[in-house]
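> Could you have a look at this structure, given as structure tokens, before my questions?
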Amino acid sequence: MINEKITSRQTIVIIILFTLGSSFALGISNESKQDSWISLIIAFFASIPIILIYARILKLYPGLGLYDIALKLFGKIGSKIIIIIMAWYALHLGTLVIKSFSEYINVTSLLNTPEIVVIIMLLLITVYIARSGPYIFGSWSLIGLVTVLMMMIISIFFSINRINIENIFPIMGNGWKKIGSGVIYIISFPFLETVLILPLAGFIKKKDSSYRIYIYGLLFSTIGLLVITLRNLTILGTAMIERSLIPSFNMARVIKMGNFLTKIEGVITINIIIAGITKITVCLMAFTLGIAKICAIDNYKKLIIPSSLLMLAFSTIIYSNTAEMLSFIKIYPYYAITFQLIIPIIIWITAEVKKNAKET
Amino acid sequence: MLKKKKSIVIDDQVDKLNQKIKTITISLSLKENIDNIKKLFFDDDNLIIREFNNNHQKGKFVLIYCDGLVNSVTINESIIKPLIHFNKDLDDDNLIQSLIKNVLLVDDIKKVNYMKDIVENVTYGDSILFIEGSDEALILNTKLFSLRSISEPDGEKIFLGPREGFNESIFTNISLLRRRLRTNDFKIRYYTLGDKTNTKVALCYIDSIVDKKILAELYQRLQKIKIDGVIDSNYITELIKDNKWSPFRTTGYSEKPDSITGKILEGNIAIIVDGSPIVLSIPFFFVENFHSSEDYYVSYFYSTFSRIIRIMGFIFTVCVPALYIAIVAYHHEMLPSSLFFNIAMERRNVPLPAALEIFVMLIVFDILKETGIRMSNNIGQSLSIVGAVVIGQATVDANLVAAPIIIVIAFTGITGLMVPKLSVPIIVCRFLLFILSSSLGLFGFLIGVSFIIVHILNLKSFGIAQINVNGDFTFQSIKDTIFRAPWWEMKKRPEALTENMNRMDNNEVDNYEI
């Protein structure tokens, strides 16, 4: 009797939280310093065409996920290659996210706790959500989004006296080149990571327009990111942001509500955990669906626990220290281009050609 | 040794007889019938077998009933007297029918062929009439047993509104509902559960409102119940539960007929179990945990306010001990400095770690609560003295626990009593969060809260999600959840429960303001 499909509103919410996810912890790229909000806006417009490609793929095959579409287009063997590549991306991204979140928790509050404990706790709740099915996941993200919004409003409200608008001047002080490189980073992280929503598209109700879902999701998450970026910029200033790994956390440090509530940065953890769990769940589901397709197993839910264990194992070896992670982030856009651009475009062109061939 | 063996032999016979009981029919010979009854009820002095004759018709009758369950006046005046005295000529071929029509002065008479029906009915206060030369017996309604009177239920006290409560008799309970729903659309279906207790269960619903799929699902689940006895409605609650291992309820309950009537009008099915004053209503929404029947009888401003208070109470009682320990042990920088110093001063002389203190005190509170329920009323005062003075004051003075912990425990305990329907999940969730946050701080707390939220989202009652967060909110879908809309806005019934949505005929609300 229960429907296992997610509504379009839930999908939009998942996209918003997915996009906000890591940016809460790591902030968006600081390449362009005080102009990073300009980079953000440009990146939004620049990623729209690619997002439209994603939406178009779903439009051509309504009710099917990326893996099913690949199976239809490339046959058994060809599709397996694409599924393996995408599943790898989901695994890798999910592990990166888990690792960065567990590091965040360790640095900010649980200094003496072994990192693996934090990772296991994160994975436990993620597995529970994933096993509950997409509808519950959507409902959970909706509740999460309301909480995140409330926290964002509270954090801005109580830090409003600390806002120093001077911090974003001079506008374009670092020139177009810096802004441009900032744009590239922001496009690949976090905007085009939404490619991982494509494998889950089979859960979305058929009648909902994929264009609407993607564009709205992207628009709202850009607004959210813009608010966070401007807040962090105006309160902390470029120099502070550059020094801190986790700008939002440092921002919360300056919040003061009279003499009563000070240093409520722990509360910011709520945002990070909610958005983080959403992001990890998307990655885990995308990865599990891929494995299920490759092994031709119908019930993907049986594979959630094994694939989460794979993530757990992978997270212990993915990088050994923060410096390694930062240097990986430098080359991440070029690495991610395969998954975010090349494969979707291949699928899109093949789909269009096949569609035309069928019609004529 | 010999005796034991003998009793085993008899038990075997009884077992065989009990297995055969469903197939034993009533024979034409009166003597054989009596023998069968005597065999079935051997060693039972409660059963009375009364033989008498009618001389005019040369009829032989045997009346069987259980002592103490029957109304002797009815038996004497309306059954035995007319049967012995009648002197008209009756149709011999169809004696039984003419007896029903012309002689017996009893309101409800049923004809049965099987011994099983006889056993079930004679133990419920009916009398059985056997007639020589007839292979049918008559079940005569002679029930009379003493019952608790209708009183206000202790579990659901209210300030305004109807105070009647259900009692243990299924017939009284049905009459309480029937009086409130005077329509032919109100259906009552009987069902029997329990091999040994043969408990009567009634399913009540309004035919034009109820969702037939839910009704079919309920029947399916009831059919799967194979148990020797059903003594209280909680047996059924657990046997038909959706999420078998969840501490949360998946059926609603009430002791008040007005509250059940309101549920039935929204499309719920009420399950009345004989012998239990608790009536179940299915399906059940999570938010109903926070509802009280009084909400609908007082101003909607006030009921909205008290619902929010109840929800806050649930959140507080689950979260406060966990948050306290997370902040004191892991994030003390979050406390205002003066408060932090106060707590630190209090904790200076205390030997135990804060987590252990809270754990022990939580258990102590539950011990006090349990004692309060079990003990007799006249020693209540001494318990409150022990609770307040010894456990509260003296432990702090003796530096065994810090004073802030007493405040935390008292607050947790009081708020925990506010939502009785959630008393079980409150304990589970409280300890889960407490353990997580005392080992992982605020992070553990947030993980625990996420677990609870996802679990609540997973709850289903007869296939219907107990809480539905799909983002498509309309006013009518949330009118009776956290807040209660005024009655003139309650135009629709809950969408998930029924297809017959319209509650009010006119969707236009008259405006009396001039």
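So the protein lines, in turn, are chains A and B. Just so you know, we're using the numbering used here here: the first sequence kicks off at 1 and counts up by one. Just so you know, we're using the numbering used here here: the second sequence kicks off at 1 and counts up by one. All C-beta atoms in this analysis are idealised placements derived from N, C-alpha and C, irrespective of residue type, glycine included.
Between residue 277 (chain A) and chain B, is there a C-beta pair that is closer than 8 Å?
Here residue 277 (chain A) refers to the residue found at position 277 of the first sequence. Yes, because at least one Cβ of chain B sits closer than 8 Å to the Cβ of residue 277 (chain A).
> DSSP on residue 480 (chain B), reduced to helix/strand/coil?
Within the second sequence, residue 480 (chain B) is the residue found at index 480, counting from 1. Residue state, collapsed to three classes: strand.
> Please report whether the beta-carbon of residue 291 (chain B) lies at a distance below 8 Å from any beta-carbon of chain A.
In the second sequence, counting from the first residue as 1, residue 291 (chain B) sits at position 291. Not closer than 8 Å to any Cβ of chain A, the Cβ of residue 291 (chain B) fails to qualify, so no.
> Could you give the residue range of the alpha helix (DSSP H) that holds residue 316 (chain A)?
Walking along the first sequence from the start, residue 316 (chain A) turns up at place 316. Unbroken alpha helix (DSSP H) run through residue 316 (chain A): 304-317.
> Please check if any C-beta of chain A sits within less than 8 Å of the C-beta of residue 447 (chain B).
Reading the second sequence from its first residue, position 447 is the one you call residue 447 (chain B). With 8 Å as the cut-off, residue 447 (chain B) counts as an interface residue toward chain A.
> With C-beta atoms as the reference, is residue 204 (chain B) less than 8 Å away from residue 225 (chain B)?
Position 204 of the second sequence, counted from the start, is the residue given in the question as residue 204 (chain B). Position 225 of the second sequence, counted from the start, is the residue given in the question as residue 225 (chain B). For residue 204 (chain B) and residue 225 (chain B), no; Cβs fall outside 8 Å.
> What are the start and end residues of the beta strand (DSSP E) that includes residue 130 (chain B)?
Numbered from its first residue, the second sequence carries residue 130 (chain B) at position 130. That run of the beta strand (DSSP E) goes 127-131.
> Below 8 Å on the Cβ atoms is my guess for residue 519 (chain B) versus residue 211 (chain B); work out the distance and round it to an integer in Å.
Past the boundaries of the shown model lies residue 519 (chain B); chain B is included only from 1 to 514, so the question cannot be answered.
> Going by the DSSP bridge assignment, what does residue 193 (chain B) pair with across the sheet?
The residue you call residue 193 (chain B) lines up with position 193 of the second sequence. Answer is B:199, bridged to residue 193 (chain B).
> Do residue 340 (chain B) and residue 332 (chain B) come within 8 Å of each other at the CB atom, strictly closer than that value?
The residue you call residue 332 (chain B) lines up with position 332 of the second sequence. The residue you call residue 340 (chain B) lines up with position 340 of the second sequence. It is a contact, given that the beta carbons lie within the stated cut-off.
> Could you tell me whether the Cβ of residue 118 (chain A) comes closer than 8 Å to any Cβ of chain B?
Position 118 of the first sequence, counting from 1, holds the residue named residue 118 (chain A). Yes, contact with chain B.
> Residue 458 (chain B) versus chain A: which residues are under 8 Å apart at the beta carbon?
On the second sequence, position 458 is the one that residue 458 (chain B) refers to. Ordered by position in chain A, the residues that pass the 8 Å Cβ test against residue 458 (chain B) are 132, 136.
> Taking C-beta to C-beta, are residue 408 (chain B) and residue 469 (chain B) nearer than 8 Å?
Walking along the second sequence from the start, residue 408 (chain B) turns up at place 408. Walking along the second sequence from the start, residue 469 (chain B) turns up at place 469. Taking 8 Å as the Cβ cut-off, residue 408 (chain B) and residue 469 (chain B) do not qualify as a contacting pair.
> In chain order, which alpha helix (DSSP H) runs of at least 4 residues are fully inside the stretch 15-71 of chain B?
Counting only runs of 4 or more, we get 30-40.
> Start and end of the beta strand (DSSP E) containing residue 139 (chain B)?
In the second sequence, counting from the first residue as 1, residue 139 (chain B) sits at position 139. 137-140 is the extent of the beta strand (DSSP E) around residue 139 (chain B).
> Using the three-state DSSP reduction, which class does residue 252 (chain A) fall into: helix, strand or coil?
Numbered from 1 along the first sequence, position 252 holds the residue referred to as residue 252 (chain A). Here residue 252 (chain A) sits in helix by DSSP.
> Can you tell me whether residue 45 (chain B) is buried or exposed, with buried defined as 16 or more other CB within 10 angstroms of its CB?
Translated into positions along the second sequence, residue 45 (chain B) becomes position 45. With fewer than 16 other Cβ atoms within 10 Å, it is exposed.
> Is the beta carbon of residue 283 (chain B) sitting closer than 8 Å to the one on residue 497 (chain B)?
Working through the second sequence from its first residue, we reach residue 283 (chain B) at position 283. Working through the second sequence from its first residue, we reach residue 497 (chain B) at position 497. Yes, the Cβ-Cβ distance between residue 283 (chain B) and residue 497 (chain B) is below 8 Å.
> In the DSSP assignment, what residue or residues form a beta bridge with residue 231 (chain B)?
The sequence position of residue 231 (chain B) within the second sequence is 231, counting from 1. Residue 231 (chain B) pairs with nothing; no bridge assigned.
> DSSP three-state label for residue 124 (chain B), please.
Locating residue 124 (chain B) in the second sequence gives position 124, counting from the first residue. Residue 124 (chain B) falls in the coil class under three-state DSSP.
> Where residue 344 (chain A) and residue 81 (chain A) are concerned, what is the direct C-alpha to C-alpha distance, given to the nearest angstrom?
Along the first sequence, read from residue 1 onward, the residue named residue 344 (chain A) stands at position 344. Along the first sequence, read from residue 1 onward, the residue named residue 81 (chain A) stands at position 81. Roughly 13 Å separates the two Cα atoms.
> Are residue 38 (chain A) and residue 179 (chain A) touching if we call contact CB-CB under 8 Å?
Here residue 38 (chain A) refers to the residue found at position 38 when the first sequence is read from its first residue. Here residue 179 (chain A) refers to the residue found at position 179 when the first sequence is read from its first residue. Contact flag set, yes.
> Can you list the beta strand (DSSP E) stretches of 3 or more residues lying completely in the stretch 151-189 of chain A, in chain order?
DSSP runs (the beta strand (DSSP E)) wholly in the stretch 151-189 of chain A: none.
> Quick check: the Cα distance between residue 57 (chain A) and residue 15 (chain A), rounded to an integer number of angstroms?
To locate residue 57 (chain A), count along the first sequence from 1; it is residue 57. To locate residue 15 (chain A), count along the first sequence from 1; it is residue 15. Distance between the alpha carbons of residue 57 (chain A) and residue 15 (chain A): 17 Å.
> Rounded to whole angstroms, how far is the Cβ of residue 151 (chain A) from the Cβ of residue 270 (chain A), which I believe are closer than 8 Å?
Counting from one through the first sequence, the residue named residue 151 (chain A) turns up at place 151. Counting from one through the first sequence, the residue named residue 270 (chain A) turns up at place 270. That belief holds up - the Cβ atoms of residue 151 (chain A) and residue 270 (chain A) are roughly 6 Å apart, short of 8 Å.
> Can you find the residues in the same chain that come closer than 8 Å, C-beta to C-beta, to residue 441 (chain B), ignoring five residues on each side of it along the sequence?
On the second sequence, position 441 is the one that residue 441 (chain B) refers to. Excluding residues within five positions, the ones whose Cβ falls inside 8 Å are 326, 329, 330, 331.
> Cα separation between residue 156 (chain A) and residue 181 (chain B)?
Here residue 156 (chain A) refers to the residue found at position 156 of the first sequence. Here residue 181 (chain B) refers to the residue found at position 181 of the second sequence. Taking the straight line joining both Cα atoms gives about 55 Å.
> Out of B:465, B:72, B:183, B:412, which one is the CA nearest neighbour of residue 139 (chain A)?
Here residue 139 (chain A) refers to the residue found at position 139 when the first sequence is read from its first residue. The shortest C-alpha separation from residue 139 (chain A) is found at B:465.
> Residues bridged to residue 280 (chain B) by DSSP?
Against the second sequence, residue 280 (chain B) aligns to sequence position 280. B:253, B:271.
> Would you mind sorting residue 348 (chain A) into buried or exposed? The rule is 16 or more other CB atoms within 10 Å of its CB.
Position 348 of the first sequence, counted from the first residue, corresponds to residue 348 (chain A). Buried, since its Cβ has 16 or more Cβ neighbours within 10 Å.
> Run through chain A and tell me which residues come within less than 7 Å of residue 330 (chain B), C-beta to C-beta.
Walking along the second sequence from the start, residue 330 (chain B) turns up at place 330. Within chain A, the residues near residue 330 (chain B) are 109.
> Buried or exposed for residue 380 (chain B), please, with buried defined as at least 16 other CB atoms from any protein chain shown within 10 angstroms of its CB.
As a working note, residue 380 (chain B) is residue 380 in the second sequence. Burial call: exposed.
> Is there contact between the stretch 50-68 of chain A and the stretch 166-176 of chain A, where contact requires at least three CB pairs shorter than 8 Å?
Judged by Cβ distances under 8 Å, the stretch 50-68 of chain A makes no contact with the stretch 166-176 of chain A, as fewer than three pairs qualify.
> Taking all protein chains shown into account, decide if residue 523 (chain B) is buried (16 or more other Cβ within 10 angstroms of its Cβ) or exposed.
Chain B is shown only over 1 to 514; residue 523 (chain B) falls outside these bounds and no answer can be derived.
> Is there at least one Cβ from chain A nearer than 8 Å to residue 267 (chain B)'s Cβ?
Reading the second sequence from its first residue, position 267 is the one you call residue 267 (chain B). No - not a single Cβ of chain A is within 8 Å of the one on residue 267 (chain B).
> Between which two residues does the alpha helix (DSSP H) harbouring residue 76 (chain A) extend?
Position 76 of the first sequence, counted from the start, is the residue given in the question as residue 76 (chain A). It spans 66-108 - the alpha helix (DSSP H) in which residue 76 (chain A) sits, taken as one unbroken run.
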